[in-house]
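Protein chains in written order, with this note's numbering: chain S, 622 to 1009; chain F, 42 to 327.
Backbone N, C-alpha and C define an ideal beta-carbon position, used for all residues, glycine too.
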């Protein structure tokens, strides 16, 4: 639970110590071109830059603050701490940030909870055919210190998953129920009934392997069926040249309707606007959208992305790396001028108290109205409290 | 009871004199460069300056009563910052300020040497003892020459007791005077531009630092300081006081532990030498 009253808020913070201040910093590197959105997760600073790691392209990679496995070589979000699994809910009490740059003001900072990404490299960046995202694997069940699942792709630890089968699921697993993975190797995991149990290593015991063909499907880790979630492409490594269009796409919306499409055939940025950290379909020119890809009318979120096609325009060349990210926006902060510390009180000034889910991977997006000087520091503070 | 069980109890604390008041007046004498962060605990004034003077490389703590005054120990009650203000007539002192609890420091780290320097941890963190939320500053205590692409890293124990090595980081590229934070220069290739040093993935704080390495020496001496950031205030212009009160203007009155040494760092707009900073702090307990 959150806070039942102002009295409860001050009690939880001061008597129970349920308060945390998180300082973080990022660098605008390389320089930002005017009118573009950027995802600062890939920028240097604290926490460390992510490389959107992944052994296999297009695999659904769950993002959490917890990291710490072979795939999450870097911690993606703000290190929040806190104990998942309790009845308390964490909320942002206030947030402040500034950016010091010789040029580029004003800016807009947007805090998002990064749910997952699909990594693209090689021909998945340069090609013009349809790319199929991997959201599920079939698996077999066996016994190894509990119920062990064996499959093909390397899914991140602490991924939230659901199971289906053509026969009977292994004892301990149920249909239409959330579970969390405990990664064992690149092709195996154990399963827990909650995120807290997964962190504690408390796995479901092995009783039998079930029957038929079983399938494990990735879920958005913190927003059921991706409610409120948005998608964007961000560059990790700059392609050499090009600028294709998102000519086709297919995603499943929060209601479970498949074959939905992102709208407007967004144009991916040419090389000059396709540098590391840049959300490549954002910008001032026609056909640009940012920071998020326009969802199909009536959709309230993204449950999963099945495929997309970059064609038309000019195909990228070189050895670029791009991540297709899914994130839930939490709050916005205007940074009008260089150096100015902008702060928003989310209790008294704008009483929204955005909830930060257990395991949240908080990441800053930044819009640069003008060309922003290279190596300019972005510093931010997030104050959190929790009740319960 | 520790803390405030409800808003009324907070008001009662104010009405019943359960408050303490501290005055701030700082007159830095050391020049600094625009955009660098500066440690004002080393500046003259009220409270008096401190110089991170103790046995080299051996962890030491500062005495709380010599920092920004927050009154006597109040345990088992909890003291909270409920109000503070700052004002300056000096252009160089315009910018962002952080109020910190200075927890521990390692004096006289040699920035001329590229040998590994082992740090003595006989003295441990007096507050925030797990290290969760504790950050690291590198403060010049003798002028450094600066230079492009000069780098360092360090080994530390994180909040969970794990041994970690911080990412290799860049010193300020230009010469830095005493009291300058040596990782804070902005618009430097590969630089951090932030007051706190970068930590390895998975770290939410630092319990102790075990070794320091200059990959390429920058010259001078520095103190490595473990701090807990408590509050932020921004002075937008000269001669305009800025005041922040909790919880009506900002939720979450930061807790100040008994014995805390409170001090300020700031992101200067120009040299702070011969400038003046004035302000106050007020604390309350339930």
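Let me know the secondary structure DSSP gives residue 631 of chain S once reduced to three states. The answer is helix: DSSP assigns residue 631 of chain S an H, G or I state.
Please classify residue 958 of chain S: is it buried, with 16 or more other beta-carbons within 10 angstroms of its beta-carbon, or exposed? exposed
Between residue 57 of chain F and residue 47 of chain F, what straight-line distance do the alpha-carbon atoms span, to the nearest angstrom? 15 angstroms
Between S:808, S:925, S:826 and S:833, which has its C-alpha nearest residue 785 of chain S's C-alpha? Of the candidates S:808, S:925, S:826 and S:833, S:833 places its Cα closest to the Cα of residue 785 of chain S.
Chain S within 9 angstroms of residue 45 of chain F, Cβ atoms only: yes
Alpha helix (DSSP H) containing residue 49 of chain F: first to last residue? 48-56
Closer than 8 angstroms by beta-carbon distance: list the chain S residues that pair up with residue 121 of chain F, in chain order. Think of a sphere of 8 angstroms around the beta carbon of residue 121 of chain F: the chain S residues whose beta carbon falls inside it are 635, in chain order.
Is DSSP giving residue 811 of chain S helix, strand or coil here? For residue 811 of chain S, the secondary structure class from DSSP, reduced to helix, strand or coil, is strand.
Where do the ends of the beta strand (DSSP E) carrying residue 747 of chain S lie? Element bounds for residue 747 of chain S: not the beta strand (DSSP E) but the alpha helix (DSSP H), 744-747.
Give me the chain S residues within the contact set of residue 203 of chain F, using Cβ-Cβ distance strictly less than 8 angstroms, ordered along the chain. Residues of chain S passing the Cβ test: none, with the nearest at roughly 10 angstroms.
Beta strand (DSSP E) containing residue 85 of chain F: first to last residue? Residue 85 of chain F -> beta strand (DSSP E) spans 85-87.
Indicate the three-state DSSP secondary structure (helix, strand or coil) for residue 317 of chain F in the structure shown. Residue state, collapsed to three classes: coil.
List the DSSP bridge partners of residue 178 of chain F. According to DSSP, residue 178 of chain F shares a beta bridge with F:266.
Contact check, residue 808 of chain S vs residue 778 of chain S under 8 angstroms by CB: the rounded distance? Actually they are not in contact, since the Cβ atoms of residue 808 of chain S and residue 778 of chain S sit about 13 angstroms apart, beyond 8 angstroms.
Reducing DSSP to helix, strand and coil, say where residue 820 of chain S ends up. helix
For chain S, is any of its Cβ atoms less than 9 angstroms away from the one on residue 291 of chain F? yes
Going residue by residue through the segment 821-872 of chain S, where are the continuous alpha helix (DSSP H) segments of at least 4 residues, counting only ones entirely within it? Whole alpha helix (DSSP H) segments, 4+ residues: zero.
Going by DSSP, which residues form a beta bridge with residue 273 of chain F? F:139
Check whether the Cβ atoms of residue 293 of chain F and residue 640 of chain S lie closer than 9 angstroms to each other. yes
Please state the DSSP three-state secondary structure of residue 944 of chain S. strand
Below 8 angstroms CB to CB, which residues in the same chain sit around residue 297 of chain F once its five sequence neighbours on both sides are set aside? 111, 120, 121, 122, 142, 271, 303 and 324
Bridge partners of residue 291 of chain F, per DSSP? Its beta-bridge partners do not exist; DSSP assigns none.
Residues sharing a beta bridge with residue 721 of chain S, DSSP: Answer by DSSP bridge pairing: none, since residue 721 of chain S is not bridged.
Contacting residues, own chain, Cβ-Cβ under 7 angstroms from residue 115 of chain F (five flanking each side not counted): 299 and 326
What distance in whole Å lies between the Cβ atoms of residue 263 of chain F and residue 182 of chain F, which are believed to be in contact at a cut-off of 8 angstroms? 6 angstroms
Every unbroken beta strand (DSSP E) within the segment 763-801 of chain S, with a cutoff of 3 residues, ordered by chain: With a minimum length of 3 residues, the continuous beta strand (DSSP E) runs that stay inside the segment 763-801 of chain S are 768-771 and 781-786.
Which residues does DSSP list as the beta-bridge partners of residue 167 of chain F? DSSP lists no beta-bridge partner residue for residue 167 of chain F.
Option nearest residue 147 of chain F by Cα separation, candidates F:128, F:109, F:92 and F:193: Of the residues F:128, F:109, F:92 and F:193, the one whose Cα lies closest to the Cα of residue 147 of chain F is F:92.
Along chain F, in chain order, which residues have C-beta atoms closer than 8 angstroms to that of residue 1003 of chain S? Here the premise fails: no neighbours, minimum Cβ distance about 11 angstroms.
Please report how far the alpha carbon of residue 815 of chain S lies from the alpha carbon of residue 844 of chain S, in whole angstroms. Approximately 15 angstroms, taken between the alpha carbons.
State yes or no: is the beta carbon of residue 694 of chain S nearer than 9 angstroms to at least one beta carbon in chain F? Confidence at residue 694 of chain S is low in this model, with a pLDDT of 44, below 50, so the placement of that residue should be treated as unreliable; the coordinate-derived value is given next. With 9 angstroms as the cut-off, residue 694 of chain S counts as an interface residue toward chain F.
Just by C-beta distance, which residues in the segment 168-179 of chain F are closer than 9 angstroms to chain S? Answer in chain order: 173, 174 and 176.
Assign residue 693 of chain S to one of two classes, buried (16 or more other C-beta atoms within 10 Å of its C-beta) or exposed (fewer than that). Note that residue 693 of chain S has pLDDT 48, beneath the 50 cutoff, so the model's placement of it is unreliable and no number is given.
May I have the straight-line CA-CA distance separating residue 921 of chain S from residue 711 of chain S, to the nearest angstrom? 23 angstroms
Please name the residue, chosen from F:87, F:254, F:74 and F:269, that lies closest to residue 67 of chain F on a Cα-to-Cα basis. For the residues F:87, F:254, F:74 and F:269, the minimum Cα distance to residue 67 of chain F belongs to F:87.
Which word fits residue 106 of chain F, buried or exposed, when buried means at least 16 other C-beta atoms lie within 10 angstroms of its C-beta? Residue 106 of chain F should be labelled exposed.
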